[in-house]
Amino acid sequence: MRRMLLRSAVGVVVLIAIYGLGFGVEAGFTEYVQRIILLAGVNIILAVGLNLINGTTGQFSIGHAGFMAVGAYAAAFVGVKIAPGLHGLLGTGSVADAVVFNLALLAGALFAGISGLIVGMPSLRLRGDYLAVVTLGFGEIIRILFNNATFLGAATGYFGDSPSGLPAYTTFFWVYAWVAAIVVLIHNLTFSQTGRSLIAIREDEIAAEAMATPTTRLKVTAFAISAATAGIAGGLFAHMQAGVRPEDFRFEKSIDMVVMIIVGGLGSISGAVLGGIFVAVSLELMRDLQQYRLVLYALLLVVIMLVRPQGLLGNRELYQLARKPKPPSTPMEGM
Amino acid sequence: MTQFLQQIINGLSLGSIYALIALGYTMVYGILKLINFAHGEVFMVGAYTGYYAAGALGIAAFEERHQSFPLYLALLVLIAAMAAAALLGVLIELFAYRPVRNAPRLTPLITAIGMSLFLQNAAMLVFSPNPRRYPAVLSEVRFELFGVIVTNIKLTIFVVALSLMLGLHLFVQRTWTGRAMRALSFNIDAAKLMGIDTNRVIRSTFAIGSALAAAGGILFGLDQITINPLMGVLTGLKAFVAAVLGGIGSIPGAVVGGLLIGLAEQLTAGYLSPEYRDAITFVILILILLLKPEGLLGVVRVEKV
Amino acid sequence: MSLLKLQGVAKIFGGLHAVRGVSFQVEKGSIFGLIGPNGAGKTTLFNVITGVYTPEHGQILFRDENIAGLRPALIAARGIARTFQNIRIFRAMTVAENVMVAGHHLHSASILDAMLRTRAYETDEQALKKRANELLEILGLAELSGEIAGSLPYGSQRRLEIARGLMLSPELLLLDEPAAGMNSQEAQTLNEQIRFLRDELGLTVVLVEHNMAVVMNVCETIHVVDHGETIAEGTPAEIKVHPKVLAAYLGEDPEKEVV
Chain E
1 MRRMLLRSAV GVVVLIAIYG LGFGVEAGFT EYVQRIILLA GVNIILAVGL NLINGTTGQF
61 SIGHAGFMAV GAYAAAFVGV KIAPGLHGLL GTGSVADAVV FNLALLAGAL FAGISGLIVG
121 MPSLRLRGDY LAVVTLGFGE IIRILFNNAT FLGAATGYFG DSPSGLPAYT TFFWVYAWVA
181 AIVVLIHNLT FSQTGRSLIA IREDEIAAEA MATPTTRLKV TAFAISAATA GIAGGLFAHM
241 QAGVRPEDFR FEKSIDMVVM IIVGGLGSIS GAVLGGIFVA VSLELMRDLQ QYRLVLYALL
301 LVVIMLVRPQ GLLGNRELYQ LARKPKPPST PMEGM
Chain D
336 MTQFLQQIIN GLSLGSIYAL IALGYTMVYG ILKLINFAHG EVFMVGAYTG YYAAGALGIA
396 AFEERHQSFP LYLALLVLIA AMAAAALLGV LIELFAYRPV RNAPRLTPLI TAIGMSLFLQ
456 NAAMLVFSPN PRRYPAVLSE VRFELFGVIV TNIKLTIFVV ALSLMLGLHL FVQRTWTGRA
516 MRALSFNIDA AKLMGIDTNR VIRSTFAIGS ALAAAGGILF GLDQITINPL MGVLTGLKAF
576 VAAVLGGIGS IPGAVVGGLL IGLAEQLTAG YLSPEYRDAI TFVILILILL LKPEGLLGVV
636 RVEKV
Chain U
641 MSLLKLQGVA KIFGGLHAVR GVSFQVEKGS IFGLIGPNGA GKTTLFNVIT GVYTPEHGQI
701 LFRDENIAGL RPALIAARGI ARTFQNIRIF RAMTVAENVM VAGHHLHSAS ILDAMLRTRA
761 YETDEQALKK RANELLEILG LAELSGEIAG SLPYGSQRRL EIARGLMLSP ELLLLDEPAA
821 GMNSQEAQTL NEQIRFLRDE LGLTVVLVEH NMAVVMNVCE TIHVVDHGET IAEGTPAEIK
881 VHPKVLAAYL GEDPEKEVV
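Chains as they are written, first to last, in the numbering used here: chain E, 1 to 335; chain D, 336 to 640; chain U, 641 to 899.
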């Protein structure tokens with residue numbers, strides 16, 4: 001009981017701090033910079049989630065933009081549909097909005113998680129390159145489906161029922177409250193028996209199986225969790241825009257996510273956080289160099305793999321920098 | 336019925352082009368166990384080299400005078416493109432794959448994707464993103480055969496693709512390098528121990544695969560009339576699926592896979608809807624990886640524990 | 641009672657008969673040796689027993705239940721632990737973490753418990769840590785428990801693999817070439833450790849091994865295979881002079897000594 005009180009107290013303090021920061025940000029920065037800060041937060045959620053399956057569990061997924069899309073569309077759609085009912089119940093104030101928004105986000109996470117299960121179950125039997133290609137394929141199929149879904153606006157996108165588009169629920173507070181929650185939950189998961197089992201799967205799946213680890217169940221679960229977090233990111237992203245469009249979730253978005261975790265260091269949560277911020281900031285900085293942006297980006301990927309494949313932190317956390325870097329996992333055998 | 340035959344002809348000619356590209360994927364994978372994501376871009380560069388080579392050889396003048404481009408010049412265009420692509424392929428191997436050959440499998444996967452993106456976007460900068468009309472290296476001549484319209488371009492595609500594939504077959508079976516390539520695909524370490532210069536063989540593999548892809552690029556340009564810097568993305572992916580369908584690592588597999596994908600795409604576009612012509616390839620990819628990942632002509636690999 | 645019984649087990653890879661019709665019984669509480677020249681099929685047998693491969697023919701009875709074809713995780717959960725010929729520890733994790741990973745049956749808290757760090761989760765973690773430390777003590781690795789496994793010397797890595805296997809609370813322990821790379825003194829220590837595992841921990845041990853100083857000294861029954869087939873079974877004294885065994889190892893000259 002005392003534990004719960006202590007934890008709740010800490011949680012409330014953190015939320016108040018974030019709220020306060022939010023005021024500071026809104027007062028002190030231009031809208032342009034604020035948007036970058038929000039995008040950085042969305043990226044952090046994407047990166048930390050993707051790191052769970054790619055980094056910690058070592059299963060390479062390069063189609064995660066699909067799950068972000070599912071979350072975005074689901075959150076937008078559910079939000080629009082339940083808003084009238086909840087506003088009837090709770091009035092039209094910010095409390096009602098908060099409830100609608102968070103329910104919408106949870107719906108996004110749920111649908112994204114379910115699609116993660118659907119994609120993960122058959123795909124995770126494959127290894128390495130094959131898994132990567134299948135996830136790429138599924139990511140594209142999801143996007144093509146949304147592109148052809150007329151009830152969701154097809155290629156033009158989904159803008160909700162009102163003429164001004166989707167309600168702009170996404171604020172600094174909500175983004176970073178979710179960032180805090182997700183980072184804590186994923187951190188706890190990674191440093192637990194489950195996390196250890198995931199790392200064991202990454203290090204040597206055969207040995208993990210020989211030690212009674214339920215590898216398939218864990219891989220699929222990790223995949224679903226990472227899809228669900230991408231869904232939350234998608235929902236947050238959706239309500240920063242007027243609408244949700246399929247072209248926001250092309251293969252390039254999946255690659256952005258991969259860059260985030262590679263720059264930070266595959267397997268490191270703090271690395272994912274840094275990587276998420278890095279991508280948001282550098283994409284904006286390169287906006288003037290719009291044409292050269294992708295060329296530089298691609299070159300960055302290649303150069304990093306050639307020069308420092310372990311990224312900034314390798315698979316250590318920020319607070320483990322004093323430790324010697326861990327030896328890289330054994331190269332996977334051929335298929 | 337004639338509609339059906341028409342689709343078959345179109346499908347097979349498209350499929351021949353996919354087969355030419357798929358061969359590059361399959362040969363590289365057979366030896367290095369690596370998906371050369373940048374291969375689609377080599378195809379694209381081959382097409383563009385052909386475009387510029389034809390321009391340099393004065394094709395504009397011939398077109399203005401409504402004269403056919405001389406055959407010997409057309410061959411020169413083909414050779415130029417194949418040579419340029421071979422060079423590009425070797426450079427890609429040298430800079431993006433060789434340095435990471437012994438790294439964990441993830442690393443070359445990412446350098447491959449990075450290389451592919453780099454080439455796409457560099458091409459957009461250099462060649463401009465606008466599609467270009469392919470010059471009439473071959474002037475189109477149509478004729479009817481059993482009610483089906485066949486153009487000399489389609490015939491050329493068959494002839495060129497078939498000759499190149501035959502050439503490759505003879506190369507792999509009869510020449511020293513070809514045999515070395517096969518040896519490496521079975522066991523690269525043993526090949527090294529037998530004193531084979533693996534780097535040279537790998538370079539040759541990339542060069543040959545890229546040259547074939549370039550030929551595919553020119554044929555594609557002739558057939559589809561327009562080219563653009565991103566043409567390698569979708570077509571490359573389809574050719575990759577073809578290689579997987581046939582059994583990645585298997586040369587006959589790449590040919591069979593290419594033809595099947597071409598047919599599937601054409602029949603889907605003709606009988607279902609043109610919207611789904613691209614989607615059918617993804618569906619086939621997923622089905623084959625889930626049901627028979629070693630492909631139609633491939634062999635199941637057992638992992639040594 | 642016989643803890644493990646193989647009946648007519650065969651494993652075929654493509655055209656290669658790696659194992660053809662092998663049968664033997666391992667009595668509970670015994671130390672059983674499986675030997676044979678290289679390529680004889682010994683590790684393949686281990687892989688078949690532990691579920692990595694499914695045999696084409698035959699039965700594998702563990703406590704009278706046929707486990708042939710079951711997935712490795714299920715077989716491990718039933719009480720069979722193994723080590724690998726080329727050590728397969730989890731190199732990026734610490735020594736303690738390596739052992740804790742195998743403690744699934746001691747850990748009933750769910751993923752949600754882990755994420756929220758509930759009391760149930762904390763209790764489980766403590767139990768895991770405690771048991772892991774006990775096992776590390778037994779194998780003499782307690783001081784290294786915080787070290788990264790990949791940085792350990794070879795001999796310690798081998799012992800870690802055994803400690804990890806013991807975390808499964810197994811009845812049967814399969815050791816694949818535990819003496820590889822050891823000098824005669826280390827081999828001697830290994831013999832004592834194997835006897836300890838059987839005498840103090842009540843394990844039944846099956847060894848695949850090439851080092852005859854270990855095999856002949858510590859095994860009670862030895863089963864010899866060559867080219868996937870059984871060629872002899874008996875006590876060390878019997879096997880030492882068995883003509884077929886000598887022929888398989890040394891060629892057709894029975895005058896040479898084995899050890």
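For every residue, glycine included, the Cβ atom is placed at its ideal position computed from N, Cα and C. Fair warning: this is a prediction, and the values are worked out from it, not measured in the lab.
{"Check": "Spatial neighbours of Ala604/D in its chain, beta-carbon cut-off 6 angstroms, leaving aside the 5 residues before and after", "Outcome": "Arg612"}
{"Check": "Every unbroken alpha helix (DSSP H) within the segment 474 to 526 of chain D, with a cutoff of 4 residues, ordered by chain", "Outcome": "487 to 509 and 511 to 521"}
{"Check": "Proximal residues to Val263/E (C-beta, below 7 angstroms), its chain only, five neighbours per side dropped", "Outcome": "Gly275, Phe278, Ile304, Gly311 and Leu312"}
{"Check": "Proximal residues to Ser539/D (C-beta, below 8 angstroms), its chain only, five neighbours per side dropped", "Outcome": "Thr512 and Met516"}
{"Check": "Beta strand (DSSP E) segments (min. 3 residues) lying fully within the segment 28 to 84 of chain E", "Outcome": "none"}
{"Check": "Buried or exposed (CB count within 10 angstroms, at least 16 for buried), Thr446/D", "Outcome": "buried"}
{"Check": "Assumed close pair Gly375/D, Thr616/D - CB separation to whole angstroms, cut-off 8 angstroms", "Outcome": "That belief does not hold up - the Cβ atoms of Gly375/D and Thr616/D are roughly 13 angstroms apart, past 8 angstroms."}
{"Check": "Which of helix, strand or coil DSSP assigns to Asp558/D", "Outcome": "helix"}
{"Check": "Proximity below 8 angstroms, CB of Arg722/U to CB of Gly691/U", "Outcome": "no"}
{"Check": "Where Asp161/E sits in the DSSP three-state scheme", "Outcome": "coil"}
{"Check": "Cα-Cα separation, Ala749/U to Val688/U", "Outcome": "32 angstroms"}
{"Check": "Exposure label - Gly88/E; buried when at least 16 CB within 10 Å", "Outcome": "exposed"}
{"Check": "Proximal chain E residues relative to Thr690/U, where beta-carbon distance stays under 8 angstroms", "Outcome": "Ala210"}
{"Check": "Rounded C-alpha distance that separates Leu300/E from Asn522/D", "Outcome": "33 angstroms"}
{"Check": "Under the three-state DSSP convention, the category Lys368/D falls into", "Outcome": "coil"}
{"Check": "Any C-beta of chain E under 8 angstroms from that of Arg440/D", "Outcome": "yes"}
{"Check": "Best match in Asn371/D, Ile560/D and Leu349/D for proximity to Leu598/D [C-alpha to C-alpha]", "Outcome": "Leu349/D"}
{"Check": "C-beta neighbour in chain D for Ala298/E, strict 8 angstroms", "Outcome": "yes"}
{"Check": "CB contact below 8 angstroms: Glu203/E versus chain D", "Outcome": "no"}
{"Check": "Length of the line joining the Cα atoms of Leu646/D and Phe555/D", "Outcome": "Beyond the ends of chain D as shown, which are 336 and 640, falls residue 646/D; an answer cannot be given."}
{"Check": "Contact set between Thr533/D and chain E, taken where Cβ atoms lie within less than 9 angstroms", "Outcome": "Going along chain E, no residue has its Cβ under 9 angstroms from Thr533/D, so there is no contact; the nearest lies around 16 angstroms."}
{"Check": "Neighbourhood of Ala419/D by C-beta distance below 8 angstroms, restricted to the same chain and skipping five residues each side", "Outcome": "Val380, Gly381, Thr384 and Ala549"}
{"Check": "Distance, Glu26/E Cα to Ala212/E Cα", "Outcome": "52 angstroms"}
{"Check": "Touching by the beta-carbon criterion (3+ pairs, under 8 angstroms), the segment 215 to 222 of chain E and the segment 74 to 83 of chain E", "Outcome": "no"}
{"Check": "Cβ distance (whole Å) where Phe672/U is taken to contact Thr875/U below 8 angstroms", "Outcome": "Actually they are not in contact, since the Cβ atoms of Phe672/U and Thr875/U sit about 11 angstroms apart, beyond 8 angstroms."}
{"Check": "Identified DSSP bridge partners for Leu812/U", "Outcome": "Ile720/U and Thr844/U"}
{"Check": "Contact check, Val452/D vs Leu358/D, beta carbons under 8 angstroms", "Outcome": "First, the amino acid is wrong: residue 452/D is Leu here, not Val. Their beta carbons are not under 8 angstroms apart, which means Leu452/D does not touch Leu358/D by this criterion."}
{"Check": "Under the three-state DSSP convention, the category Gln833/U falls into", "Outcome": "helix"}
{"Check": "C-beta contact flag for Gly116/E and Gly235/E at 8 angstroms", "Outcome": "no"}
{"Check": "Cβ of Ala181/E within 8 angstroms of any chain U Cβ", "Outcome": "no"}
{"Check": "Within-8 angstroms CB hit, Phe724/U to chain E", "Outcome": "yes"}
{"Check": "Environment of Tyr73/E [buried if 16+ CB atoms lie within 10 Å]", "Outcome": "buried"}
{"Check": "Where Met4/E falls, given that 16 or more other Cβ within 10 Å makes a residue buried", "Outcome": "exposed"}
{"Check": "Neighbour flag for Asp256/E against chain D, beta carbons, 8 angstroms", "Outcome": "no"}
{"Check": "Cutoff 8 angstroms: Met566/D Cβ touching any chain E Cβ", "Outcome": "no"}
{"Check": "8 angstroms Cβ cutoff met for Leu52/E and Met755/U", "Outcome": "no"}
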